[in-house]
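First comes the structure, then the notes that go with it.
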Amino acid sequence: MSVTASLTQDHHAQFIDLLATSLKQNAFIKLVLAKYVGTETDLQRLIIKQLMVKDQPCLSFVYRYKTRDITKNLALAEGIATIAGLLPASFKNAHLLALTDEVQLEYSKKGKSSLFKSKPQQLREVPSAEHNREKNRFLDLSRPFLADLGVTNKQHELIPAMSRKWKQINKFIEVFSHALTSSPLALDKPVRVADFGSGKGYLTFAIHDYLRNTLKAEGEVTGVELREDMVTLCNTAAARLEHPGLVFKCGDVRSVAPSELDVMIALHACDVATDYAIHTGIRSGASIIMCSPCCHKQIRLQIQSPALLKPMLQYGLHLGQQAEMVTDSLRALFLEACGYETKVFEFISLEHTNKNKMILAVKRAEPVDPAQLLVKIQELKDFYHISEHCLESLLRADGYL
Numbered sequence: 001m002s003v004t005a006s007l008t009q010d011h012h013a014q015f016i017d018l019l020a021t022s023l024k025q026n027a028f029i030k031l032v033l034a035k036y037v038g039t040e041t042d043l044q045r046l047i048i049k050q051l052m053v054k055d056q057p058c059l060s061f062v063y064r065y066k067t068r069d070i071t072k073n074l075a076l077a078e079g080i081a082t083i084a085g086l087l088p089a090s091f092k093n094a095h096l097l098a099l100t101d102e103v104q105l106e107y108s109k110k111g112k113s114s115l116f117k118s119k120p121q122q123l124r125e126v127p128s129a130e131h132n133r134e135k136n137r138f139l140d141l142s143r144p145f146l147a148d149l150g151v152t153n154k155q156h157e158l159i160p161a162m163s164r165k166w167k168q169i170n171k172f173i174e175v176f177s178h179a180l181t182s183s184p185l186a187l188d189k190p191v192r193v194a195d196f197g198s199g200k201g202y203l204t205f206a207i208h209d210y211l212r213n214t215l216k217a218e219g220e221v222t223g224v225e226l227r228e229d230m231v232t233l234c235n236t237a238a239a240r241l242e243h244p245g246l247v248f249k250c251g252d253v254r255s256v257a258p259s260e261l262d263v264m265i266a267l268h269a270c271d272v273a274t275d276y277a278i279h280t281g282i283r284s285g286a287s288i289i290m291c292s293p294c295c296h297k298q299i300r301l302q303i304q305s306p307a308l309l310k311p312m313l314q315y316g317l318h319l320g321q322q323a324e325m326v327t328d329s330l331r332a333l334f335l336e337a338c339g340y341e342t343k344v345f346e347f348i349s350l351e352h353t354n355k356n357k358m359i360l361a362v363k364r365a366e367p368v369d370p371a372q373l374l375v376k377i378q379e380l381k382d383f384y385h386i387s388e389h390c391l392e393s394l395l396r397a398d399g400y401l
């Protein structure tokens, strides 16, 4: 590679100018700071990329240690100033990769600087905002909890058998991230999260890690699980991995129900347990409710198919699909009536089931008049001869409907 040394003596200022210009011209690809000389144990290098946070360009600082990564997101101006302060006090080598240039700043042991520039040997592309978002805004395979829970190996490589679980975790955080941007939640105070049916804690650890290390917010996250061995396993891992604010409790949505919540999660709560979870989210004032329903026994036992549909619904599979659609449609409508903007969409399949539907509800800034929605709900119930829906009974008992 053809490399020429700069004749300019103020190499530090020139390098920072080149960095700022590459960002301004949307030519910045990556910056790596190496040859660490500071006091932090096991810090190896600092990797900096650009990403979007709530539609604002930022610099993502990934501090790479021997066994872990720590991520910090800074606004562009603050990020540039931080980089300027780290050279050469903490790092003696900086490698800037841009669309049109490759620049390296080096400091000798005696403090003498050298600046090298070269033209790219092949055409480069600046990562798109969406690319950056997927690579940086969500999760990285190097996160310590993924290795501890068996998603990756000690080298932070994905274990093939866990590829479906990894896709599910990433999709879950992506959905949460988008919901957060449209919710009334502020990140300047602790975000209270409850995950009902947390199991081995994959998603519970993921949302806590995302809040704390990516968004730099304080997360008070509780995983609720009936199996005591899973609760013990997850609490031990949370303490070992230094996840302050993450705790696991033994119980279910009826026995462990916080009075105040910001985010309520219930993936694969069976039958009416989903209704109890949604009710808990509404009652506790949650701004975001994320459910992946499982089983729809209550409504299936009540449905009386209209005569025109009986030839189609004589088959058990179709009858089950209809019960699922009616149950979850009513749940979504009840959430709308309680002041939430609600979506029902396909979610990544969980590892041990083919159920992949998610109900996502985000609290509206302004309440809506539920009168027309309640009329539509009653018409649906009358059409299918449904006398009781668990969520409706819970909400009426509390005076929400």
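Note that the UniProt record's numbering numbers the sequence shown so that position 71 is 71, with each residue one more than the last. The beta-carbon is built from N, C-alpha and C at its ideal position, and this holds for glycine as well.
Beta-bridge partners of Leu74 (DSSP): Leu59. Residue burial annotation: Gly219 is buried, with at least 16 other C-beta atoms found within 10 angstroms of its C-beta. Taking a cut-off of 8 Å for Cβ pairs, the region 183-193 and the region 234-242 do not touch, as fewer than three such pairs fall below it. For Phe61, the closest of Asn73, Val326, Met52 and Lys54 by C-alpha to C-alpha distance is Asn73. A residue is called buried once 16 or more other Cβ atoms fall within 10 Å of its Cβ, and Glu392 is buried on that count. The Cβ atoms of Val224 and Ala269 lie no closer than 8 Å to each other. Residues Ile48 and Leu96 of the same chain have their beta carbon placed closer than 6 Å to that of Leu31, with the five preceding and five following residues left out of the count.
Selection Val191, Leu203, His156 and Asp188 evaluated against Val175 yields Leu203 as nearest (Cα-Cα). Counting the other CB atoms within 10 Å of its CB gives Met162 a total of 16 or more, which places it among the buried residues. Annotation for His95: the continuous beta strand (DSSP E) segment containing it runs Phe91 to Ala98.
Residues of the same chain with a CB within less than 7 Å of the CB of Glu260, apart from the 5 flanking positions on each side, are Arg192, Ser284 and Gly285 in chain order. Less than 8 Å divides the Cβ of Ala98 from the Cβ of Ala27. In this structure Cys291 is in contact with Met358, their Cβ atoms being roughly 7 Å apart against a cut-off of 8 Å. When only Cα atoms are considered, Glu78 and Asn170 end up about 28 Å apart. Membership of Phe15 in the alpha helix (DSSP H) is indicated by the continuous run His11 to Lys24. The C-alpha of Thr100 lies about 11 Å from the C-alpha of Thr21. Positions of the beta strand (DSSP E) runs, each at least 3 residues long and wholly inside the region 227-281, are given as 246-250 and 263-270 in order along the chain. Gln314 is positioned such that its CB atom lies no closer than 8 Å to that of Tyr384. According to DSSP, residue pairing for Asp195 in a beta bridge involves Gly223 and Ile265.
At a Cβ-Cβ threshold of 8 Å, Gly339 and Arg364 count as neighbours. The alpha-carbon separation between Asp328 and Pro293 amounts to approximately 8 Å.
A straight line joining the alpha-carbon of Met52 with that of Asp252 spans about 37 Å. As DSSP reads the structure, Val151 sits in no beta bridge. Between Lys66 and Leu149, the gap from beta carbon to beta carbon reaches 8 Å or more. Burial of Asp262 is indicated by the presence of at least 16 other C-beta atoms within 10 angstroms of its C-beta.
A distance of 8 Å or more separates the beta carbons of Asn213 and Ile83.
In this structure, Ile386 lies near Gln302, with their beta-carbon atoms less than 8 Å apart. Close CB contacts of Arg64 within its chain, under the 8 Å cut and outside five residues either way in sequence, are with Leu43, Gln44, Arg45, Leu46, Ile47 and Ser142 (chain order). Note on the region 289-353: whole beta strand (DSSP E) runs with a minimum of 3 residues are 340-346, in chain order. Residue nearest to Leu180 within the set Gly111, Arg164, Leu215 and Pro258 is Leu215 (criterion: CA-CA distance).
Residue pairing by DSSP places Gln50 opposite Leu59 in a beta bridge. Looking at the DSSP output, Asp69 bridges to Arg64. Ala81 counts as exposed, since fewer than 16 other beta carbons sit within 10 angstroms of its beta carbon. Exposed is the label assigned to Gly111, since fewer than 16 other Cβ atoms lie within 10 Å of its Cβ. Phe383 has no beta-bridge partner at all, per DSSP. Rounded to the nearest whole angstrom, the CA to CA distance from Leu374 to Thr342 is 15 Å.
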